[in-house]
Every structure is written in C-alpha cells, then in structure tokens.
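Mapping to UniProt numbering: the sequence shown position 40 is 40, numbers consecutive.
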Amino acid sequence: MKKKRLGFREFRLITIKLLLSLFLLSVLWVLVYRWVAPPVTLHMVLRRAEAGMADKEDPTIHYKFVSLKEMSDQLPLAVVASEDQLFLQHGGFDYNAIADAFKRNQKGTNIRGGSTISQQVAKNVFLWHGRSYLRKAVEAYFTFLIEVIWGKERILEVYLNIAEMGDGVFGVEAACQKYFKKPAAAVGRQQAALLASVLPNPIRFSAARPSAYVLGRRARIARAMGRLGGTNYIKTILPEKDHDQN
C-alpha cells in the first residue's frame, strides 16, 4: 500500500494544533507563576554551569524569593527610578526608548537597550539571553502576557527577586543578606540605590566593593528617587503596610 502523503490541509491542521498547544502551555506557565515563585530561571542554571566550569570556590547560586511585603519600599522605588521610570504608565513597552535604542544601535553606539522592567522579567523568567529577532519576538509575547495576567505589582515583585545583583546573587533578599548583613525589609534609600546601581552589569560592578562609577550612579539614583516623590510614586502597587520611608 502506498503511504498517504501529507497534504496541505493536514499540514495546516497540525500546525494550528501545535501553535494552539504552545499558546495554552505558555498561558498556563504564566498563570502558575502569577502565584507561585519561580523555583529557578534558565539564567540561574547557566550561571551555575559557568561557575562550575570555571572551578570557582563558591559556585552556589544565592536566591531566596520574598514578597513585596517583606521588602523595604525603597527597593521597588530604586529599580523603578533606575531602570524604568515610566513603569506605571506603559503597557509593557516604552516605544520611545526602543526607537532611541534602535537609532543608536544603527550608528554602532554601545548602549543599553530600551527594555522595560516588564520586558526584562519576560526575558529572565521565561527565556534565554540573546539578541536574535526570534527571541525578541517571543519576549514581546511573554511581556504582553504578564502585563495582562500578572499586573504591575507582581511584575515588580518577580523582577526584584530574579534580577542578578552580583556574581551568582539573585534577588534583593540574597543581595541584602550578602552585602549588608540584613534582610531586604531593613534597607534604606542609599542601600537600595546601591543595589540598583549595579544592575546594568552585576558581574562587572560590585555592591560589596563599589567603584567611583557605581557610587556616582548610586547618588544619581537616590536623587531620582527623591524627585519622583519617594515611595508615594509607586504607592498604588505597594502592598498594604506602613509607608514611612518617603
């Protein structure tokens, strides 16, 4: 008997079923992380593998997820002031920043990209690091999903927990314990600004031994936190607790 060739109609049906399955799985994945802390991210796994191959004395990944209620309000304010001052206004994308980054990249200028906090969360939680158009397209898709399903409070909470803030140090709780010997709930404006100041490159820059450049960034971020109006600027997405850190 001749084998039946796969026709265009059958191929289209299989493709539609595959895309629908991927869509449903991605939505389920995002829904789970709406309430469940990500146990690990691909970036953490890769950093652990790199540390092992480099035979580091301490290849451990330091990561402890804590809620916004367990953090000083200065921490979310610091990263908003440093990374994405329009976080509360945009729907996941800062189109002006994206256009500016594109123009500068066309000129060959070495700059940071125009990614928002939402885009960084989508990349760090669900994807791999890279610069391909495919990854950027999938990043945009997950950014849309978390904006719709999670909302700003959860996005910021996850960002503060999975952002790398030192070599193998992920999240504000691990960073505060390592660098300041105190929990994330106990840090003030200057320490929060210091952690935010290393985010462009947490391997090159150190909160434990801040360079003059890092200290300068800390001062600028602290001033920006004040200009935004202190924690009142983000009060609409902060959990219910005493706000006495303005």
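Just so you know, even glycine gets a beta-carbon here, dropped at the ideal spot from N, CA and C.
Item	Value
What first and last residue would you give for the beta strand (DSSP E) that runs through Glu164?	Glu164 to Gly166
Using DSSP's beta-bridge definition, name the partner residues of Tyr133.	In DSSP, Tyr133 forms no bridge with anything.
Is the region 130-137 touching the region 156-175 in the sense that three or more CB pairs, one from each, lie closer than 8 Å?	no
For Val79, I'd like the list of residues in its chain whose CB is within less than 6 Å of its CB, leaving aside the five on either flank, ordered along the chain.	Ala196
Look up Phe205 in the DSSP assignment and say whether it is helix, strand or coil.	coil
Less than 8 Å between C-beta atoms, sequence neighbours within five positions excluded: which residues of the same chain meet that for Lys182?	Cys176
Can you confirm whether the region 158-166 touches the region 36-45 when touching is taken to mean that 3 or more C-beta pairs between the two stretches lie within less than 8 Å?	yes
Since Glu147 contacts Gly92 with CB under 8 Å, what's their CB separation in whole angstroms?	4 Å
CA-CA distance, Lys76 and Arg12?	According to the sequence shown, residue 76 is Pro rather than Lys. Roughly 46 Å separates the two Cα atoms.
Please return the same chain residues whose Cβ sits closer than 8 Å to the Cβ of Ser72, not counting the five positions on each side in sequence.	Ala184, Ala185, Ala186, Val187, Gly188, Ala192 and Gln245
Specify the secondary structure class of Val169 as computed by DSSP and reduced to three states.	strand
Expressed to the nearest angstrom, what Euclidean distance is found between the alpha-carbon atoms of Lys69 and Val158?	13 Å
Report the residue from Asp167, Ala97, Ile221 and Arg218 whose alpha carbon sits nearest the alpha carbon of Glu57.	Asp167
At the level of alpha carbons, what is the spacing between Tyr141 and Val125?	13 Å
Can you give me the C-alpha to C-alpha distance between Pro39 and Arg218, rounded to a whole angstrom?	30 Å
Going by CA-CA distance only, name the one from Arg209, Trp29, Ala208 and Leu156 that's closest to Leu238.	Leu156
If you drop the 5 nearest sequence neighbours on each side, which residues of the same chain put their C-beta closer than 6 Å to that of Trp150?	Arg34
Roughly how many whole angstroms lie between the Cα atoms of Arg227 and Ile14?	55 Å
Counting C-beta neighbours from all protein chains within 10 Å, is the total for Phe23 16 or more, i.e. buried, or is it exposed?	exposed
Looking at C-alpha atoms only, which residue of Leu25, Ala208, Leu194 and Pro200 is the closest neighbour of Gln120?	Pro200
Take Ile117 as the anchor and find which of Arg209, Ala81, Ala54 and Ala137 has the nearest alpha-carbon.	Ala81
Need the endpoints of the alpha helix (DSSP H) that Gly226 sits in, please.	Ala212 to Arg227
According to DSSP, simplified to helix, strand and coil, what is Glu139?	helix
Thinking just about the alpha-carbon of each residue, which of Ala49, Asp84, Met53 and Phe180 is nearest to the one in Ile61?	Ala49
Leu215 and Ser26 look like a contact to me (Cβ under 8 Å); what is the Cβ gap, rounded to whole Å?	So it is not a contact: roughly 41 Å between Cβ atoms.
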